[in-house]
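Asks:
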Ligand code: HAM
């Protein structure tokens, strides 16, 4: 009770404090409650990545601006409109990374990873910066989790990435759909871009495009397919499909990817206008879109996206090396989890709480808590609290299945109480047997 009054008083005080230096628009603090989700979402991704043999890598947040201009593309929205680029004190033009793929490829080349046995499978997680219009699920600093495979041309690599993404979202209990397309190689695209330009040649159709796309159709026609303006989406209705321009090799690659997905029972939607907004992709491109439970409507906010980039490494000065990868938007995944009121299993799975009453019990509890933690239990405690009631409230808060209670009497008798948090029933057990007893009970929960 005392604590609650204190909390209220502190809140009232905070409300009165005017923040002198507020955070920058579009940037977020990740506070404690949010971090529980953050940790889970990232650690689950890391666990799956490790299980599939991916190794962790980190690159600097700051790179030369030119790196992104030459790879992501000078005309891409990310570079042209959203990049935090500035001249540093040494006169060098640098940028806060707006995406990770260019620096990852730079690192692959710079550290001679092509000399190692291929494929090289990497995972990375970290912050990215895009000066976008802030709104729910769109931040100026967001975090991604990326998986990339270097040196593997087989369509199986594309499928492995999609399989991992699919497994990941399934384990998070999020209903998603894979949107997939192939944009072929440079040769296929050349043919397609001509077809697309021809399609938009009639003045009336071109007039339907937004102002920006009227320029794009001349300078960078593929970007018209990315435009979210309703008039541009509408204008695409009869537009040619890029898959119809694929050469034999690109077509065979795409057919294999789809066949494997069918075999693995991974549902996908062939999306003829999915091209992704970055310049380096070749062949397979895909995005993961959430499906809303109530309406089964696919909301157009991608939770992740990626594809092949077979030409990028050579283009950046490395040896010709096929590659593919994808990125998941951590904040967007967390938003979806919250929106669907999903209680993450691992949050409360095997959760146990250790409560203590009195000095001697607390000392013994410290040791037991370490044994529980090392034994792999999802253990919590409130060693700074004295009252049992407050500790039981904490146990409820972490959704503990069992609370172990150690009081003076139990210390003397060498016993401990196990309280079933659902039924409230408490039983005395031999202190030495507490861990096997807890394991047995949790297995039956
Ligand atoms: P991307 O599609 O730009 O791809 O971003 C991947 C994901 O990051 C998006 O699907 C979305 O979930 C999230 N995301 C992007 N921008 C924001 C934002 N402003 N706020 C919140 N979340 C955002 C790439 O970045 C590629 N480099 C991925 C890749 C890796 N391709 C190959 N390897």
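In this note's numbering, the protein residues as written are 1 to 445. A virtual CB, placed ideally from N, CA and C, is assigned to each residue, including glycine.
What did DSSP end up calling residue 159 once you bin it into helix, strand or coil?
Replies: Helix at residue 159.
Asks: What would DSSP say about residue 250, mapped onto helix, strand or coil?
Replies: Helix, per DSSP.
Asks: Buried or exposed, going by whether 16 or more other CB atoms sit within 10 Å of the CB of residue 207?
Replies: Per the 10 Å Cβ criterion, exposed.
Asks: In chain order, what residues of the same chain lie with their CB nearer than 7 Å to the CB of residue 54, ignoring the 5 residues before and after it?
Replies: Once the five neighbours on either side are set aside, the close Cβ partners of residue 54 are 121, 122, 123, 147.
Asks: Run the proximity test for residue 415: is its beta-carbon closer than 7 Å to any non-hydrogen atom belonging to the ligand HAM?
Replies: No.
Asks: Looking at residue 75 and the ligand HAM, is the gap between the Cβ and the nearest heavy atom below 7 Å?
Replies: Checking the Cβ of residue 75 against the ligand HAM gives no.
Asks: Applying the criterion that 16 or more other CB atoms from any shown protein chain within 10 Å of the CB defines a buried residue, is residue 21 buried or exposed?
Replies: By the 10 Å Cβ count, residue 21 comes out exposed.
Asks: Look at the Cβ atom of residue 334, then the Cβ atom of residue 144, and state whether they are nearer than 8 Å.
Replies: Result no, Cβ atoms of residue 334 and residue 144 do not sit closer than 8 Å.
Asks: Rounded to the nearest angstrom, what separates residue 244 and residue 258 at their Cα positions?
Replies: Distance between the alpha carbons of residue 244 and residue 258: 16 Å.
Asks: Which residues share a DSSP beta bridge with residue 417?
Replies: Partner(s): 405, 428.
Asks: Between which two residues does the alpha helix (DSSP H) holding residue 187 run?
Replies: It spans 186–199 - the alpha helix (DSSP H) in which residue 187 sits, taken as one unbroken run.
Asks: Below 8 Å between beta carbons: does that hold for residue 214 and residue 250?
Replies: Contact flag unset, no.
Asks: Should residue 306 be listed as close to the ligand HAM, given that the test is whether its C-beta is under 7 Å from any heavy atom?
Replies: True, at least one ligand heavy atom lies under 7 Å from that Cβ.
Asks: Can you give me the start and stop residues for the alpha helix (DSSP H) that residue 210 sits inside?
Replies: Looking at the DSSP string, residue 210 is not in any alpha helix (DSSP H), and its letter there is neither H nor E.
Asks: Can you check which of these residues, 113, 399, 87, 45, is closest to residue 320 by C-alpha distance?
Replies: Per the Cα distances, 113.
Asks: Please report the distance separating the alpha-carbon of residue 205 from that of residue 336.
Replies: Approximately 37 Å between the Cα atoms of the pair.
Asks: Which residue wins for smallest C-alpha separation from residue 72, given the options 278, 391, 385, 270?
Replies: Of 278, 391, 385, 270, the residue nearest in Cα terms is 278.
Asks: In whole angstroms, what separates the C-alpha of residue 27 from that of residue 425?
Replies: Each residue's alpha carbon lies about 47 Å from the other.
Asks: Using only the alpha-carbon positions, how far apart do residue 429 and residue 394 sit?
Replies: Straight-line Cα distance between these residues: approximately 23 Å.
Asks: Is it the case that the stretch 350–361 contacts the stretch 304–320, given that we only count it when at least three CB pairs across the two stretches are under 8 Å?
Replies: As far as the Cβ criterion goes, the stretch 304–320 does not touch the stretch 350–361, which means the pair count is below three.
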